[in-house]
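Visitor: Chain order of the listed sequences is A and B.
Mapping of the first sequence onto the numbering used here: position 222 corresponds to residue 222, and the numbering continues sequentially without gaps.
One gets the numbering used here by counting positions in the second sequence from 1 and adding 272 to each.
Ideal Cβ positions, reconstructed from N, Cα and C, are used throughout, including at glycine.
Treat the numbers as computed from the prediction; the structure is a model and nothing was measured.
The structure is given below, and queries will be raised subsequently.
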Amino acid sequence: MLTQEEKWYLDLLGYFVVRDAVPKADVEVMKAQMFEWYEWDASDFKPPMRINAPEGKPWWVYNMHYGHEAFQRLILNPEILRVSTALTWNYPRIFDVVANICYPDADGLELHGGHKGWFRSPHHQYQVANDEIFASFFNLSVSLVDVPPGNGFACIPGSHKSEFQYPEHITMDDPPPVVHNIPVNAGDFIVFLPNTRHAGRRWHYDAYPRMTVFLRWVYAKQFHHVDSSWCLPFDAHKDEIPEALHELESRDHGQRKALNKLINPFKVDIPE
Amino acid sequence: MLIRGEDSAINLPSTLTEEEKWHYDLFGYLVLQQVVSPAEIERMLEIASGWFADPKAAPEPVNVTQDEYSGVLNNVQYGDRIFERLSVNEKVMRVVMGLMWNRPRLFNCALVLQKQRPIPEGEKERLHRDTSGFDFPDGFYNPHNDYQAGNGQIYSNYVNTAITLVDVPKNNGFMCIPGTHKSLIKLPTTLDIDNEWAPAITFELKAGDCLIFSSRLMHGAKFWKEDYPRRVVFNRYQFSFYFNENYNLPIEAHRDRISADQYELESVQRSEKGFAKRILKKLEDGEELC
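Here's what the structure looks like:
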């Protein structure tokens, strides 16, 4: 379940922050592992892990939970399961696991997404009824480092409900109230809707790089890009992760026994 | 086949720019800069000060109420034509018309004075929505306080304008939580003005600037911290045709104190009003609004 404040804030702005969700010890383990992977060549990674290291851009690594169990614990973190279970009305499915490292020489990621009226993608549902929210697709970014103000995640608040085209001159570096920049600490996570126009500001901090894990979620009963070889689940590697996590990666067709034990406490009451 | 009247609102060209529509839809307010000249502001302050100092000097039906730290001049537009020119200010009306299909009706006009005052410990600023005196239960909203967007148009049938007559530094004066005109979730009972879940903002304004906001927007006033009093003129407009929930305007007994435009602005009417047609013509001809 979500708190009333979380629901109110998400509906108002298209995002909210959960503080101190991830144990510090795990944050440090993940950070250390990320730095180690950063030194590897692409060929050093065993599938389904892979990297993308374009010049002048952030460094990206995919499917880290097949490479280190700290990332498995992260996806199954109770606070993360609480939020994902509530927003999907008890049917969360993780469909994308990716992390990046951003040094100051990497470009920021300009504003993208954002609703502008007209019809909404059926894969991007956002509904509110009887004081409850249903979101069929959302993103959850976990920071592994303290993000100073002016850096990191930025968005146009409320743009998930916008009915008009955004002006092109607005950039991710514009000041509030038009653009929000959300400082977070290591172990915090931001939940945001894909229809919230959002960005990643260039990292301007020399002491350490920005390091973020992005977990994208969908409603487990809906169809998705299941034919993509890059999308979860990876049945050939299912023995490398906990059963509950494999169930969380999979579409729901009544098989979710291990997962249900974890998410039962967070389920919301929904009408039959 | 259904037949629509010629004044069907559906095909009205909007008097708002695309960016204004986007901004108002997203945040529930717009700021217009310098809609009134400094000379007019100076004269309005002078008149208002005189009426606050000597309420008997205020002509009927201007109603003066005040205490040590605040004051209100109700129906101020009947006191002097200079205040009426705020209600029918063309730069402001262009936006108000764009928000309610070119059919605004003024139903309330007041000059508000707010002074710095001692704040008792624990007292906090509060936010509200304009409810017309009746709070609808959660899950519903007052149809007199509607907000819709569709087909590239906005229908916001209850709009408030606040023209400041003094400079307003940040952290003073009007405050609001942007986007709350479209909130669909119940306000948490724990929410307080200094709470991280209440992202309220204030505005740095110059005398003559105008804030236009949806009455569904959660708004209020910060404690005034300046040595000079805040003075602001609020004009409230509603869609002209559907209803008349506030019966005091126009004041027939004092009709001679306002212009024909102002009388029409205050009246319930279905069709486009004369001043609205004039503004639309000016826009069409590319003439500057005044």
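For the alpha helix (DSSP H) that contains A/M211, what are its first and last residues?
Guide: Translated into positions along the first sequence, residue 211 of chain A becomes position 211. From DSSP, A/M211 is part of no alpha helix (DSSP H) but of the beta strand (DSSP E) over 210-219.
Visitor: How is B/T452 classed by DSSP in three states: helix, strand or coil?
Guide: For the purposes of this step, residue 452 of chain B is identified with residue 180 of the second sequence, where counting begins at 1. Of the three classes helix, strand and coil, the one that applies to B/T452 here is helix, per DSSP.
Visitor: Please list the residues of the stretch 296-307 of chain B that have a C-beta atom closer than 8 Å to any C-beta atom in chain A, keeping them in chain order.
Guide: D297, L298, F299
Visitor: Tell me where the alpha helix (DSSP H) around A/H332 begins and ends.
Guide: One cannot answer for residue 332 of chain A here, as it falls past the ends of chain A, which runs 1 to 272.
Visitor: Using the three-state DSSP reduction, which class does B/R502 fall into: helix, strand or coil?
Guide: Taking the second sequence and counting its residues from 1, one reaches residue 502 of chain B at position 230. Residue state, collapsed to three classes: strand.
Visitor: Determine which residues share a DSSP beta bridge with B/M372 and list them.
Guide: As a working mapping, residue 372 of chain B is identified with position 100 in the second sequence. Answer by DSSP bridge pairing, in chain order: B/Y427.
Visitor: What's the C-alpha gap between A/H169 and B/E290?
Guide: Residue 169 of chain A sits at position 169 when you count from the first residue of the first sequence. Residue 290 of chain B sits at position 18 when you count from the first residue of the second sequence. Distance between the alpha carbons of A/H169 and B/E290: 13 Å.
Visitor: Using a Cβ distance threshold of 8 Å, determine whether the stretch 141-156 of chain A contacts the stretch 83-93 of chain A, with at least three qualifying pairs required.
Guide: no
Visitor: Using the DSSP secondary-structure output, state which residues sit across from B/F485 in a beta bridge.
Guide: Position 213 of the second sequence, counting from 1, holds the residue named residue 485 of chain B. In the DSSP assignment, the residues bridged to B/F485 are B/Y301, B/N432.
Visitor: Can you check whether the C-beta of A/K161 is within less than 8 Å of a C-beta belonging to chain B?
Guide: Along the first sequence, read from residue 1 onward, the residue named residue 161 of chain A stands at position 161. Interface with chain B (8 Å Cβ-Cβ cutoff): A/K161 is included.
Visitor: Using DSSP with H/G/I as helix, E/B as strand and the rest coil, what is A/D96?
Guide: Within the first sequence, the letter at position 96 stands for residue 96 of chain A. Note: A/D96 maps to strand in three-state DSSP.
Visitor: Please go through the same chain and pick out, in chain order, the residues whose beta-carbon is closer than 7 Å to the beta-carbon of A/G108, but skip the five residues on each side of it.
Guide: Start at 1 with the first residue of the first sequence, and residue 108 of chain A comes out as number 108. If you ignore the 5 residues before and after A/G108, its C-beta comes within less than 7 Å of the C-beta of M172, A199, G200, R201, R202, all in its own chain and listed in chain order.
Visitor: Would you kindly work out how many angstroms separate the C-alpha atoms of A/V98 and A/A53, rounded to a whole number?
Guide: Within the first sequence, numbered from 1, the residue matching residue 98 of chain A stands at position 98. Within the first sequence, numbered from 1, the residue matching residue 53 of chain A stands at position 53. A/V98 and A/A53 have their C-alpha atoms spaced approximately 13 Å apart.
Visitor: Please list the partners that B/G451 has in chain A, where partner means a Cβ-to-Cβ separation under 7 Å.
Guide: As a first step, residue 451 of chain B must be located in the second sequence, where it is residue number 179. Neighbours of B/G451 on chain A, chain order: L12, L13, P157, G158.
Visitor: How should B/R401 be labelled, buried or exposed, when 16 other C-beta atoms within 10 angstroms of its C-beta is the threshold for buried?
Guide: Stepping through the second sequence from its first residue, residue 401 of chain B is reached at position 129. By the neighbour-count criterion, in which a residue is buried when 16 or more other Cβ atoms sit within 10 angstroms of its Cβ, B/R401 is buried.
Visitor: Report the residue from B/V308, B/S309, B/S321 whose alpha carbon sits nearest the alpha carbon of B/R503.
Guide: In the second sequence, the residue the question calls residue 503 of chain B occupies position 231. Of B/V308, B/S309, B/S321, the residue nearest in Cα terms is B/S321.
Visitor: List the residues of chain B that A/G150 touches, going by C-beta distances under 7 Å, in chain order.
Guide: On the first sequence, position 150 is the one that residue 150 of chain A refers to. Simply none; closest approach about 18 Å.
Visitor: Beta carbons nearer than 8 Å to chain B: which residues of the stretch 119-130 of chain A have them?
Guide: V128, N130
Visitor: Shorter than 8 Å from the beta carbon of A/Y9 to some beta carbon of chain B?
Guide: Counting from 1 along the first sequence, the entry for residue 9 of chain A is found at position 9. Chain B, which has a Cβ nearer than 8 Å to the Cβ of A/Y9, makes this yes.
Visitor: So, for A/D146: in the same chain, excluding its five sequence neighbours on each side, which residues have a beta-carbon less than 7 Å away from its beta-carbon?
Guide: On the first sequence, position 146 is the one that residue 146 of chain A refers to. Cβ within range, chain order: N185, A186.
Visitor: What's the gap between the Cα of A/Y103 and the Cα of A/P47?
Guide: In the first sequence, residue 103 of chain A corresponds to position 103, counting from 1. In the first sequence, residue 47 of chain A corresponds to position 47, counting from 1. Their Cα atoms are separated by approximately 26 Å.
Visitor: Anything in chain A within Cβ reach of B/I457, meaning under 9 Å, just list it in chain order.
Guide: If you number the second sequence from 1, residue 457 of chain B lands on position 185. Going along chain A in sequence order, the residues near B/I457 (Cβ under 9 Å) are Q4, K7, W8, Y9, L10, D11, L12, V128, D131, E132, I133.
Visitor: Please report the residue range of the alpha helix (DSSP H) in which B/H491 lies.
Guide: Here the question's residue 491 of chain B lines up with position 219 in the second sequence. Careful: B/H491 lies outside any alpha helix (DSSP H), inside the beta strand (DSSP E) at 491-493.
Visitor: Does the Cβ-Cβ distance between B/R529 and B/Y350 come in under 8 Å?
Guide: Working through the second sequence from its first residue, we reach residue 529 of chain B at position 257. Working through the second sequence from its first residue, we reach residue 350 of chain B at position 78. Contact flag set, yes.
Visitor: Tell me, please, whether the CB atom of A/F164 is closer than 8 Å to any CB atom in chain B?
Guide: Along the first sequence, one-based indexing puts residue 164 of chain A at 164. True, the Cβ-Cβ gap to chain B drops below 8 Å.
Visitor: Assuming B/M369 contacts B/I551 (C-beta within less than 8 Å), just tell me the rounded distance between them.
Guide: Here the question's residue 369 of chain B lines up with position 97 in the second sequence. Here the question's residue 551 of chain B lines up with position 279 in the second sequence. About 7 Å separates the two Cβ atoms, so the contact holds.
Visitor: Using only the alpha-carbon positions, how far apart do B/L521 and B/P390 sit?
Guide: Working through the second sequence from its first residue, we reach residue 521 of chain B at position 249. Working through the second sequence from its first residue, we reach residue 390 of chain B at position 118. Roughly 36 Å between the two C-alpha positions.
Visitor: A/P167 touches chain B at which residues, Cβ-Cβ below 9 Å?
Guide: Counting from 1 along the first sequence, the entry for residue 167 of chain A is found at position 167. Near A/P167 (Cβ distances below 9 Å), the residues of chain B are E290, E291, W294, H295.
Visitor: On the three-pair Cβ rule with 8 Å, is the stretch 301-315 of chain B touching the stretch 465-479 of chain B?
Guide: yes
Visitor: Checking contacts by CB at 8 Å: is B/I484 closer than that to chain A?
Guide: Position 212 of the second sequence, counted from the first residue, corresponds to residue 484 of chain B. The C-beta of B/I484 comes no closer than 8 Å to any C-beta of chain A.
Visitor: Let me see if you follow: with CB-CB separation under 8 Å, is A/G200 close to chain B or not?
Guide: Translated into the one-based positions of the first sequence, residue 200 of chain A becomes position 200. Output row for A/G200: interface = no.
Visitor: Kindly list the residues whose CB is nearer than 8 Å to the CB of A/D206, restricted to its own chain and excluding five residues on each side of it in sequence; keep chain order.
Guide: As a working mapping, residue 206 of chain A is identified with position 206 in the first sequence. So the list reads P104, once near-sequence residues are dropped.
Visitor: Determine which residues share a DSSP beta bridge with B/R357 and list them.
Guide: In the second sequence, counting from the first residue as 1, residue 357 of chain B sits at position 85. Paired residue(s): none; B/R357 is not in a bridge.
Visitor: Examine chain B for any beta-carbon lying closer than 8 Å to the beta-carbon of A/P177, and answer yes or no.
Guide: Numbered from its first residue, the first sequence carries residue 177 of chain A at position 177. At least one chain B Cβ lies under 8 Å of A/P177.
Visitor: Compare the C-alpha of B/T474 against each of B/D297, B/S404, B/P415, B/K442 and name the closest.
Guide: Residue numbering aside, residue 474 of chain B sits at position 202 when the second sequence is read from its first letter. When only C-alpha atoms are compared, the closest one is B/K442.
Visitor: Does any CB atom of chain A fall closer than 8 Å to the CB of B/A460?
Guide: On the second sequence, position 188 is the one that residue 460 of chain B refers to. The sequence given here places Pro at residue 460 of chain B; Ala does not occur at that position. Interface residue, yes.
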